[in-house]
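Chains as they are written, first to last, in numbering that gives the first Met the number 0: chain A, 0 to 221; chain B, 0 to 190; chain C, 0 to 565.
Cβ coordinates follow ideal geometry from the N, Cα and C atoms, glycine included.
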Amino acid sequence: MNLVAASSFAGSIDNLVVLITILIGFWWTLTNVMFFWLLWRFRARPGVKSQYIEGHEPYIKRWITWPHVLVLACDVVVIFFAIKVWYNIKQVQPPAQAEIRVIAQQWAWVFQYPGPDGRFDTPDDFYTTDDLYVANNTTYHFELRSRDVIHDFSVPAFRLKQDAVPGRTITGWFRPTLAGTYDIQCAEICGIGHGVMLGHIHVEDPAAYHAWFAAQTAAATE
Amino acid sequence: MSSRPIATTRSASGIPTGRLAIWWVLASEIVIFGGLIASYIMHRLGHPEWANATAVTKTWIGATNTFVLLSSSFTAVLAHQAAEQGNGPRAARFLRMTILGALTFLTIKSFEWGHELSEGYTVTTNGFWSFYYTACGLHALHVIAGAVIMAFIARDAAKNRELQRVELIGIYWHFVDVVWIFLFPLLYIAK
Amino acid sequence: MTAEPAHAHAHPHADHGPQGILKYLWSTDHKVIAMQYLFTGMFMALVGGLMAYVFRMQEAFPGRPVPGFGVVSPGQYNALITNHGSIMIFWVAMPVLIAAFGNFLIPLMIGADDMVFPRINRLSYQVFLLSVIVILASQFVPGGGFGGAWTAYPPLSANGNYNLTPIGASMWVIAVALEFVAFLLGGINFITTLMNARAPGMKAYDIPMACWMIVIASILFMLSVGPLIAGAGMLLFDQLVGTGFFNPAKGGDPILWQHLFWFFGHPEVYVVLLPAVGFVIDIVAVFARKKLFGYKTMLYSVVGIGILSFFVWAHHQFIAGIDPRMADIFTITTLLISIPVAELVLVIIATLYGGSIQFTTPMLWALAFIFEFMIGGVTGIYLGASGADSYLHDTYFVLAHFHYTFFPIAIIANFAAFTFWFPKMFGKMMDERLGKIHFWGTVIPFNCIFIPLFILGLNGDQRRVYSHMNFPELQWMQPARIFATMSLVVLLLFQLVFLYNVVKSLRSGPKAGKNPWRSNTLEWTTESPPPHGNWPPDQMPTVYRGPYEYAHPGRDEDYWPQNLPA
Numbered sequence: 000m001n002l003v004a005a006s007s008f009a010g011s012i013d014n015l016v017v018l019i020t021i022l023i024g025f026w027w028t029l030t031n032v033m034f035f036w037l038l039w040r041f042r043a044r045p046g047v048k049s050q051y052i053e054g055h056e057p058y059i060k061r062w063i064t065w066p067h068v069l070v071l072a073c074d075v076v077v078i079f080f081a082i083k084v085w086y087n088i089k090q091v092q093p094p095a096q097a098e099i100r101v102i103a104q105q106w107a108w109v110f111q112y113p114g115p116d117g118r119f120d121t122p123d124d125f126y127t128t129d130d131l132y133v134a135n136n137t138t139y140h141f142e143l144r145s146r147d148v149i150h151d152f153s154v155p156a157f158r159l160k161q162d163a164v165p166g167r168t169i170t171g172w173f174r175p176t177l178a179g180t181y182d183i184q185c186a187e188i189c190g191i192g193h194g195v196m197l198g199h200i201h202v203e204d205p206a207a208y209h210a211w212f213a214a215q216t217a218a219a220t221e
Numbered sequence: 000m001s002s003r004p005i006a007t008t009r010s011a012s013g014i015p016t017g018r019l020a021i022w023w024v025l026a027s028e029i030v031i032f033g034g035l036i037a038s039y040i041m042h043r044l045g046h047p048e049w050a051n052a053t054a055v056t057k058t059w060i061g062a063t064n065t066f067v068l069l070s071s072s073f074t075a076v077l078a079h080q081a082a083e084q085g086n087g088p089r090a091a092r093f094l095r096m097t098i099l100g101a102l103t104f105l106t107i108k109s110f111e112w113g114h115e116l117s118e119g120y121t122v123t124t125n126g127f128w129s130f131y132y133t134a135c136g137l138h139a140l141h142v143i144a145g146a147v148i149m150a151f152i153a154r155d156a157a158k159n160r161e162l163q164r165v166e167l168i169g170i171y172w173h174f175v176d177v178v179w180i181f182l183f184p185l186l187y188i189a190k
Numbered sequence: 000m001t002a003e004p005a006h007a008h009a010h011p012h013a014d015h016g017p018q019g020i021l022k023y024l025w026s027t028d029h030k031v032i033a034m035q036y037l038f039t040g041m042f043m044a045l046v047g048g049l050m051a052y053v054f055r056m057q058e059a060f061p062g063r064p065v066p067g068f069g070v071v072s073p074g075q076y077n078a079l080i081t082n083h084g085s086i087m088i089f090w091v092a093m094p095v096l097i098a099a100f101g102n103f104l105i106p107l108m109i110g111a112d113d114m115v116f117p118r119i120n121r122l123s124y125q126v127f128l129l130s131v132i133v134i135l136a137s138q139f140v141p142g143g144g145f146g147g148a149w150t151a152y153p154p155l156s157a158n159g160n161y162n163l164t165p166i167g168a169s170m171w172v173i174a175v176a177l178e179f180v181a182f183l184l185g186g187i188n189f190i191t192t193l194m195n196a197r198a199p200g201m202k203a204y205d206i207p208m209a210c211w212m213i214v215i216a217s218i219l220f221m222l223s224v225g226p227l228i229a230g231a232g233m234l235l236f237d238q239l240v241g242t243g244f245f246n247p248a249k250g251g252d253p254i255l256w257q258h259l260f261w262f263f264g265h266p267e268v269y270v271v272l273l274p275a276v277g278f279v280i281d282i283v284a285v286f287a288r289k290k291l292f293g294y295k296t297m298l299y300s301v302v303g304i305g306i307l308s309f310f311v312w313a314h315h316q317f318i319a320g321i322d323p324r325m326a327d328i329f330t331i332t333t334l335l336i337s338i339p340v341a342e343l344v345l346v347i348i349a350t351l352y353g354g355s356i357q358f359t360t361p362m363l364w365a366l367a368f369i370f371e372f373m374i375g376g377v378t379g380i381y382l383g384a385s386g387a388d389s390y391l392h393d394t395y396f397v398l399a400h401f402h403y404t405f406f407p408i409a410i411i412a413n414f415a416a417f418t419f420w421f422p423k424m425f426g427k428m429m430d431e432r433l434g435k436i437h438f439w440g441t442v443i444p445f446n447c448i449f450i451p452l453f454i455l456g457l458n459g460d461q462r463r464v465y466s467h468m469n470f471p472e473l474q475w476m477q478p479a480r481i482f483a484t485m486s487l488v489v490l491l492l493f494q495l496v497f498l499y500n501v502v503k504s505l506r507s508g509p510k511a512g513k514n515p516w517r518s519n520t521l522e523w524t525t526e527s528p529p530p531h532g533n534w535p536p537d538q539m540p541t542v543y544r545g546p547y548e549y550a551h552p553g554r555d556e557d558y559w560p561q562n563l564p565a
């Protein structure tokens, strides 16, 4: 993909996509070569009658059985790597170095930072809207909530996507690896403003981030 | 009315066409009620506090209605027996008794609902009551539809016509009964 | 010019059904009902296609007035995409593939004079027509058509304050529910007629695949739609009565809807796939002059797909908030279903081996189905793999994948079936040259629309967004969006060739005769178009062999109709 890979697990997803492409590309090409060859080889020609083949003949069945085995083998490989990638992103979380709460609503993103005490819902928490600031090379745990309908917190540069369901707090994690500003999009239709729920995630070097954080905290406690 | 196609006289599978049809109807109905009941069970497991709500439903009313429906299934069986023997008027009598059972069921239910509504338990009171009225309501609609169709079949049967349909409406009726037998413990007994 | 056969008045259909204008409204003849479904479905395809034109123009030229429509507001955009999807699946694919061709073909292919429940058949169309009226009317109510996507996830779909289309939302639910009822009614006929009304001598393995597939699809439909009907009732109650089945504030669960929806939604794609494959098989056999390779294998694979299809649904919900461990199970089942589906494709391709392939218009469509559906099938692997889907979910990759499956199913296979059975339905041959122009003018632009969409999806384009120009990372791909949209315009324009071909052929096409394609199956043994009752009652066919005895060594002719005594 053309899109930058800016998180620790983005590469693993990209690699999985490449792997699948190779496997299905092989199978797809083979089948189509066979398909078009058959169309050409057995096109109607004057005086040539078609053959009567029941499908029990072993030399014919072989052409079905072997592709089957091939497809099954490819499936097993894909299943293995798919679960591996999935497990590392969705089933386990590396220990958190920072936390953030993402609150989706029609039609904006609200980000809640736990403040210097590191706990949410204490007086030193502060908020930003539509712009999320994080430190590079830091493992974040996020708590995802929605105020109204189902939204989806999606950061393509991170290859990160998670539905936000009202009535639930869903947790996940990410670790940015490349400083920069990236799109946050909503990836679940949420009404007429779905197409304008643009956010930005600003990945900053830790020093710059901490300076910003300190300024926010000072402002919050005023 | 156009006359029947030749197709209706055939039976390549050996099973009479009408019976095949009613079983397919039942299969799709089972999935509809199954979906509703499964949704209820999933919700119930997640909401232990619904036990308070089920405490309100009166088990003895539910039990009475269960008895009424079971008896009406019994008369439906008797109707089928009579139809098998070619005795249309007798089958019609038993079918009409089944309809009477249905009306009794519906009457008891309306009193029950009337009472519960007057106590303030409406379909929006909470999740349990939403399911209660929806599931029992859907069931009641099937009871009404079944009773109406049964009346038409009884009318024909009394004239010794279309006796094969007595069995078919009987099969449908047993289904309506079975659905209730699932609803009764879920909504009345499980407290 | 045929004189009315003298014995016609002696047969049980002494009344030939309603005459005149009443025939088109009140007939119970399966062929008339088939035509009703066919033309309604084709009309709805036009509606759905034009909706796509409007919203794609908005995406390609955001904010600019769309010729023929005007400026598209975000609310209208949502209504257009919602109703495009819903219409194409429920009011085009299903009615044409299953109801139109099923109604027309099943009695004819099994040698019967009608369905076993003609009046229920008529009722099914009437209920269906009602659903058409409701969904079309919903576009014009205050607030406009429903705008919560064809998947209708609550709370968005349950609460008018969220979706801003409260009337449209409820009408949508009612229209879909009515459509379900229509197909439940229709399904009873298809299943019991195939099981019971077959011609003497027609054993289970003598039934043409087109019939088997429609019936297995009907069974799949009847067994999967129930929970969604329950869910639709619950959604309607949430919308209108204030219950909270899916409202977390009232103790409900939005994800319950998703499960109910997709438990049906996934088998549904096989409900529409199977008839399409059935037509393709029958057409390939005829124009390759070859016996179907592995009839029983095909049948068992399809039953296997049907059963497996009930165990994959949550691959639509990998990141929906379900327990991540469930995703592991569903990724396994989803990827394994690729095996019997691959089986299907391989068996059809194997049938070509040793054939004598004629590239008529129906055959071109059937072959295009195989090629295009294969792309759809392999791209499904990306989405069934949970790890990859966690990125690709709700992107244009998904959209391109399902258009590479749905377009072959709903459009390509339907054109294959239509061009193939047109001579039988209307007694005239279609123009081959126009047919081929229409074919290429549809298939090439189709690929030009959707190949770019795979790239867009891989690069992060999310779905259901009325302008990607709002997103800095996505702006650079606008040329691809414009290209795809222009291809759609070209595709739509080429459909005029089809319409012209239909009209021209109906009016002045060459007479078709009984069996212009030299096919084995029973529908080709009667007049084109078949009379009321299909055959004179004393000439109902008897079957002596299977439907695919082409190039049998014992015969000079390369085909052997099912009804010819040995």
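Specify the secondary structure class of residue i as computed by DSSP and reduced to three states.
i	result
Lys30 of chain C	helix
Lys48 of chain A	coil
Glu58 of chain C	helix
Ser153 of chain A	strand
Leu291 of chain C	coil
Ser72 of chain C	coil
Thr58 of chain B	helix
Tyr171 of chain B	helix
Val180 of chain C	helix
Asp113 of chain C	coil
His314 of chain C	helix
Ile347 of chain C	helix
Residue i to residue j, Cα distance in whole Å?
i	j	result
Ile32 of chain C	Arg121 of chain C	7 Å
Thr524 of chain C	Arg160 of chain B	37 Å
Asp116 of chain A	Gln215 of chain A	14 Å
Met233 of chain C	Ile218 of chain C	24 Å
Phe401 of chain C	Pro141 of chain C	32 Å
His140 of chain A	Phe482 of chain C	40 Å
Gly190 of chain A	Met96 of chain B	54 Å
Measure the Cβ-Cβ separation of residue i and residue j and say whether it is below 9 Å.
i	j	result
Gln75 of chain C	Gly143 of chain C	yes
Met212 of chain C	Gly277 of chain C	yes
Trp90 of chain C	Thr150 of chain C	no
Ala5 of chain A	Tyr208 of chain A	no
Ala11 of chain B	Met201 of chain C	yes
Asn188 of chain C	Phe127 of chain C	no
Leu165 of chain B	Ala78 of chain B	The sequence as given places Val at residue 165 of chain B; Leu does not occur at that position. Yes, Cβ-Cβ distance for Val165 of chain B and Ala78 of chain B is below 9 Å.
Tyr36 of chain C	Val95 of chain C	yes
Tyr465 of chain C	Pro165 of chain C	no
Tyr132 of chain A	Glu187 of chain A	no
Ile161 of chain C	Val148 of chain A	One detail in the question is off: residue 161 of chain C reads as Tyr in this sequence, not Ile. Against a cut-off of 9 Å, the Cβ pair of Val148 of chain A and Tyr161 of chain C comes out as a contact.
**Request:** Pull out every residue of the segment 61 to 88 of chain A whose Cβ sits closer than 8 Å to any Cβ of chain C, in chain order.
**Result:** Trp62, Ile63, Pro66, His67, Val70, Leu71, Asp74, Val77, Ile78, Phe80, Ala81, Ile82, Lys83, Val84, Trp85, Tyr86 and Ile88
**Cβ-based contacts, 9 Å cut-off: residues of the segment 267 to 299 of chain C near chain D** = The displayed structure is made up of protein chains A, B and C, and chain D is not among them.
**Message:** By the 7 Å beta-carbon criterion, what residues does the segment 157 to 172 of chain C contribute toward chain B?
**Reply:** none
**Prompt:** Which residues, in chain order, does the segment 222 to 245 of chain C contribute to contact with chain B at a C-beta distance below 8 Å?
**Reply:** Leu222, Ser223, Val224, Gly225, Pro226, Leu227, Ile228, Ala229, Gly230, Gly232, Met233, Phe236, Val240, Gly241, Thr242, Gly243 and Phe244
**Message:** If the cut-off is 8 Å on Cβ atoms, which residues from the segment 104 to 136 of chain C count as contacting chain B, listed in chain order?
**Reply:** Pro106, Ala111, Asp112, Asp113, Met114, Val115, Phe116 and Pro117
**Request:** Scan the segment 19 to 43 of chain B and note each continuous alpha helix (DSSP H) run of 4 residues or more that stays entirely inside, going in chain order.
**Result:** none
**Asked** For the segment 329 to 340 of chain C, which residues have a beta carbon sitting closer than 8 Å to at least one beta carbon of chain A?
**Response** Thr330, Ile331, Leu334, Leu335, Ser337 and Ile338
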